[in-house]
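Protein chains: 2
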Amino acid sequence: MTKINRRRLFGLGAAGVAAVGTGAYATHALLEGPPPAAAASTSDPVPFYGEHQAGIVTPAQDRLHFVSFDVTTKKRAELVDMLQEWTVAAARMTQGKDAGTFGAVGGAIEAPPDDTGEALGLPPSGLTITIGFGPSLFDGRFGLGAKRPAALADLPKFPAEDLLADISGGDICVQACAHDPQIAVHAIRNLARIGFGKVSVRWSQLGFGRTSSTSRAQSTARNLMGFKDGTNNLKLEDAALLRQQLWAAPGDGPAWMDGGSYMVTRKIRMNIETWDRTSLSEQQQIFGRDKGEGAPLGGKHEFDEPDFAAKGADGTPTIAVDAHVRLAHPSSHGGARLLRRGYNYVDGSDGLGRLDAGLFFIAYQRDPRKQFVPIQMELGRTDSLNEYIKHVSSGLFACPPGLRDAGDYWGRTLFA
Amino acid sequence: MTKINRRRLFGLGAAGVAAVGTGAYATHALLEGPPPAAAASTSDPVPFYGEHQAGIVTPAQDRLHFVSFDVTTKKRAELVDMLQEWTVAAARMTQGKDAGTFGAVGGAIEAPPDDTGEALGLPPSGLTITIGFGPSLFDGRFGLGAKRPAALADLPKFPAEDLLADISGGDICVQACAHDPQIAVHAIRNLARIGFGKVSVRWSQLGFGRTSSTSRAQSTARNLMGFKDGTNNLKLEDAALLRQQLWAAPGDGPAWMDGGSYMVTRKIRMNIETWDRTSLSEQQQIFGRDKGEGAPLGGKHEFDEPDFAAKGADGTPTIAVDAHVRLAHPSSHGGARLLRRGYNYVDGSDGLGRLDAGLFFIAYQRDPRKQFVPIQMELGRTDSLNEYIKHVSSGLFACPPGLRDAGDYWGRTLFA
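What follows is the structure, encoded as structure tokens:
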């Protein structure tokens with residue numbers, strides 16, 4: 001069997017590689033130098049190593065492929081081996097390389113390639129790959145029971161949810177975000193390939209059109225209801241707030257999560273046909289925002305502070321008591337905030353003549369018991385938006401801290 | 001009720017509009033001037049009017065939202081009215097404007113907006129919207145029976161297909177292609193909104209990563225098997241071949257289709273987990289191509305003509321007798337070609353631990369009876385790729401000619 005490295009793929013010698021590699025558009029399998037400190041364009045790589053995992057405060061890329069796996073092996077050592085293999089592959093793929101080094105190039109190689117090939121010739125596209133461990137991983141199978149963080153408490157039953165078990169939960173999740181969906185899909189698909197026989201895909205979700213900005217350099221995007229939402233999202237520039245509300249800190253719980261964060265996912269189906277037949281004024285009352293500009297009602301600009309005390313000439317509140325912006329606002333929850341990273345989705349049609357579409361909500365936080373849970377409990381009870389949405393899936397995952405270097409692996413702090 | 005036009009949306013007067021409109025990045029609702037002759041960047045608009053519908057030879061955009069509708073109204077006049085409304089909305093949306101002019105802006109408007117809003121502020125992104133009429137539209141309901149083209153004959157049953165009726169067929173299809181999925185989704189969603197009560201979504205498909213190039217200026221992209229395929233696709237530069245094999249011509253059938261084309265869709269599920277465990281040499285034998293470069297086996301470059309007569313030292317054909325490139329090649333079908341415009345898809349997981357992924361195949365042609373049908377009959381019988389794929393949905397549509405001007409509408413040649 002011949003080992004051929006990917007440089008030979010396009011028939012390039014070292015000189016050719018150097019010439020291509022110095023361009024802004026370094027292609028898959030051609031990038032060998034260290035990545036720049038941050039992605040400068042939507043083609044560039046995002047660093048994989050760091051104090052925290054990439055893909056959390058990283059400025060939200062435009063596309064998502066999310067997957068939740070069930071672990072099928074019973075052997076702890078096999079699981080750890082797979083996590084190590086995954087880490088190596090993820091480090092490579094985020095830097096625009098193939099998932100593995102073996103057999104991906106032309107030649108008579110009598111083994112399956114180490115990479116599936118559909119990203120050949122494409123740039124890194126800002127790919128981040130972020131892992132999380134679900135509550136079910138801490139059952140008896142792998143001896144992890146004592147390491148389950150209290151903050152990873154099962155979510156309570158919320159009002160007005162209608163969850164489908166087969167697209168909820170899971171032992172391990174992986175969030176792949178990139179500016180090119182082919183790159184995000186390629187990443188998840190190769191991890192699934194490597195995990196064959198040890199994990200099985202429980203559910204998976206594609207998303208497009210980020211609905212949250214995680215940096216002040218990004219504009220607020222629109223959800224499929226046509227509104228800007230999440231204007232008050234935690235952003236990477238908010239250093240003090242991130243320490244206070246995003247990252248698990250020493251003393252919070254088991255040390256293996258120090259520097260990590262807790263992820264909640266909710267697939268929120270929208271009844272868009274009903275919404276589309278609702279008057280503009282009612283839509284705006286429900287969100288508590290102007291649709292065009294995104295300003296809170298009574299305000300002029302998107303980032304104006306909502307005035308929840310303001311009343312109209314008839315004495316009714318300018319922003320309704322059950323408006324989304326009021327109920328979700330930090331001031332309604334003792335200052336609690338989330339780092340949201342959601343995406344729009346359309347999953348074809350529902351067999352009843354309607355598009356199956358909505359929001360795949362992802363939120364990171366230091367402790368869901370103090371953040372997502374009380375916020376969603378209030379929204380589920382009172383939000384006038386509930387008439388137009390339904391939560392159909394739910395996930396909760398503990399995302400460990402970042403990887404130090406090439407000797408580190410996903411789960412080291414938990415398993416070692 | 002107040003009518004407010006979208007120019008006021010961002011608080012811009014005429015001067016502001018002019019300033020923004022002259023930039024390369026003309027945003028939705030701000031573009032008022034005529035479009036350029038062809039899309040110069042992935043943000044720009046593609047002309048809507050012309051001899052043929054846009055979205056066929058238009059250089060394939062990167063994203064797809066495809067929908068098939070059942071017509072639910074029994075009234076021909078209502079259907080024609082809706083097609084006229086659709087045409088107006090499509091002409092606007094492809095040029096970066098809202099679907100309609102009414103009520104989409106802030107203010108106390110007590111009616112649903114004429115546009116759903118999620119594309120506000122986004123550029124046209126090369127959007128094309130292409131319509132087709134399915135065989136079932138020509139049943140007794142609308143008096144169209146005598147106008148059904150012979151070329152729109154129901155497709156035969158093919159070997160090795162396993163079609164699901166609820167994601168096959170349909171009375172009317174709309175193909176929206178764009179460089180931004182939010183733009184493609186917005187287009188289909190607004191047509192569905194306008195069609196409420198007259199049509200119902202039968203099925204819908206999102207796609208990413210075009211798998212075919214329709215212009216010599218585009219590189220051949222890769223399918224989810226990691227291979228370049230469709231290298232010999234019809235391309236917009238092939239004027240003589242397009243006349244011969246793509247466009248319906250006078251005398252072919254009913255005059256209403258002159259300048260139109262016939263579209264076949266096939267959703268082809270890939271068993272990617274099995275494929276990913278197949279050796280590279282077998283993968284290459286099955287396609288008859290080298291995976292890295294895309295060259296036909298025995299050749300060096302992607303566009304080398306395959307040498308189907310070549311044999312190895314042991315006397316076996318270099319390109320196997322059941323290789324995909326051989327069976328699909330025009331030389332195996334009296335020169336018959338297709339204009340392919342397919343996309344990769346991932347629809348989550350299949351509940352059996354696997355990704356639900358594959359190719360949404362779209363092909364245009366002058367007469368499916370002479371092109372898609374014999375080619376697929378041969379592939380279905382013999383192609384060694386069949387072990388790894390399954391056709392799960394099928395569609396056939398007659399796409400009428402292009403629209404002359406703002407007084408024209410989709411279906412005029414059929415209904416008028």
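Chains as they are written, first to last, in UniProt numbering: chain A, 1 to 416; chain B, 1 to 416.
Where a beta carbon is used, it is the ideal one built from N, C-alpha and C, also for glycine.
Just so you know, these numbers come straight off a predicted model, no measurement behind them.
Residue i - DSSP class collapsed to helix/strand/coil
| i | result |
| --- | --- |
| Ala-184 (chain B) | helix |
| Glu-387 (chain B) | helix |
| Arg-148 (chain B) | coil |
| Asp-115 (chain B) | coil |
| Asp-166 (chain B) | helix |
| Ile-172 (chain B) | strand |
| Ala-357 (chain B) | strand |
| Pro-34 (chain B) | Since pLDDT at Pro-34 (chain B) reaches only 37, below the 50 mark, its modelled position is unreliable, and no value is offered. |
| Ser-136 (chain A) | helix |
| Val-346 (chain B) | strand |
| Phe-372 (chain B) | helix |
| Gly-351 (chain A) | coil |
| Arg-189 (chain B) | helix |
| Glu-161 (chain B) | strand |
| Leu-338 (chain A) | coil |
| Tyr-409 (chain A) | coil |
Run of the alpha helix (DSSP H) containing residue i, from where it starts to where it stops
| i | result |
| --- | --- |
| Arg-412 (chain A) | 412-415 |
| residue 419 (chain B) | What is shown of chain B runs 1 to 416, which leaves residue 419 (chain B) out entirely. |
| Ala-239 (chain A) | 239-245 |
| Ser-281 (chain B) | 280-287 |
| Leu-327 (chain B) | 324-328 |
Residue i versus residue j - alpha carbon distance
| i | j | result |
| --- | --- | --- |
| His-65 (chain B) | Ile-183 (chain B) | 9 Å |
| Arg-412 (chain B) | Thr-382 (chain B) | 42 Å |
| Arg-326 (chain A) | Tyr-388 (chain B) | 52 Å |
| Ala-14 (chain B) | Ala-398 (chain A) | With a pLDDT of 32 at Ala-14 (chain B), under the threshold of 50, the modelled position of that residue is not reliable, and no figure is offered here. |
| Ala-406 (chain B) | Ala-240 (chain B) | 29 Å |
| Ala-77 (chain A) | Thr-274 (chain B) | 25 Å |
| Gln-95 (chain B) | Gly-402 (chain B) | 16 Å |
| Gln-84 (chain A) | Pro-45 (chain A) | 21 Å |
| Pro-400 (chain A) | Ala-151 (chain A) | 13 Å |
| Val-321 (chain A) | Ala-310 (chain A) | 11 Å |
| Gly-197 (chain B) | Arg-222 (chain B) | 40 Å |
| residue 448 (chain A) | Arg-193 (chain A) | Since the first and last residues shown for chain A are 1 and 416, residue 448 (chain A) lies out of range. |
| Ser-204 (chain B) | Ala-165 (chain B) | 13 Å |
| Thr-379 (chain B) | Asp-408 (chain B) | Residue identity differs from the one stated: residue 379 (chain B) is Leu in this sequence, not Thr. Distance between the alpha carbons of Leu-379 (chain B) and Asp-408 (chain B) is about 40 Å. |
| Lys-267 (chain B) | Phe-158 (chain B) | 14 Å |
| Pro-306 (chain B) | Asp-276 (chain A) | 53 Å |
| Lys-235 (chain A) | Phe-361 (chain A) | 16 Å |
| Ser-261 (chain B) | Glu-293 (chain A) | 42 Å |
| Glu-161 (chain A) | Ile-167 (chain A) | 14 Å |
| Leu-224 (chain A) | Gly-299 (chain A) | 23 Å |
| Ser-215 (chain B) | Ser-43 (chain B) | 18 Å |
| Gly-226 (chain B) | Ala-119 (chain A) | 7 Å |
| Thr-211 (chain A) | Pro-250 (chain B) | 49 Å |
| Tyr-364 (chain B) | Asn-233 (chain B) | 11 Å |
| Lys-74 (chain B) | Thr-101 (chain B) | 28 Å |
| Pro-181 (chain A) | Gln-244 (chain A) | 33 Å |
Status (buried if at least 16 other CB within 10 Å, exposed otherwise) for residue i
| i | result |
| --- | --- |
| Pro-296 (chain A) | buried |
| Ser-331 (chain B) | exposed |
| Lys-373 (chain A) | Note that residue 373 (chain A) corresponds to Val in the displayed sequence, not to Lys. Classification for Val-373 (chain A): buried. |
| Arg-341 (chain B) | buried |
| Arg-202 (chain A) | buried |
| Val-346 (chain A) | buried |
| His-301 (chain A) | exposed |
| Ser-219 (chain A) | exposed |
| Thr-87 (chain B) | buried |
| Ser-213 (chain B) | buried |
| Gly-230 (chain A) | buried |
Integer Cβ distance of residue i from residue j, believed to fall under 8 Å
| i | j | result |
| --- | --- | --- |
| Phe-415 (chain B) | Val-80 (chain B) | 5 Å |
| Asp-290 (chain A) | Gln-283 (chain A) | Rounded, the Cβ-Cβ distance is 10 Å, inconsistent with contact. |
Boundaries (first-last residue) of the beta strand (DSSP E) holding residue i
| i | result |
| --- | --- |
| residue 419 (chain A) | Any answer about residue 419 (chain A) is impossible in this case: the structure gives chain A only from 1 up to 416. |
| residue 418 (chain B) | Any question about residue 418 (chain B) goes unanswered here, given that chain B covers just 1 to 416. |
| Gln-205 (chain A) | 199-210 |
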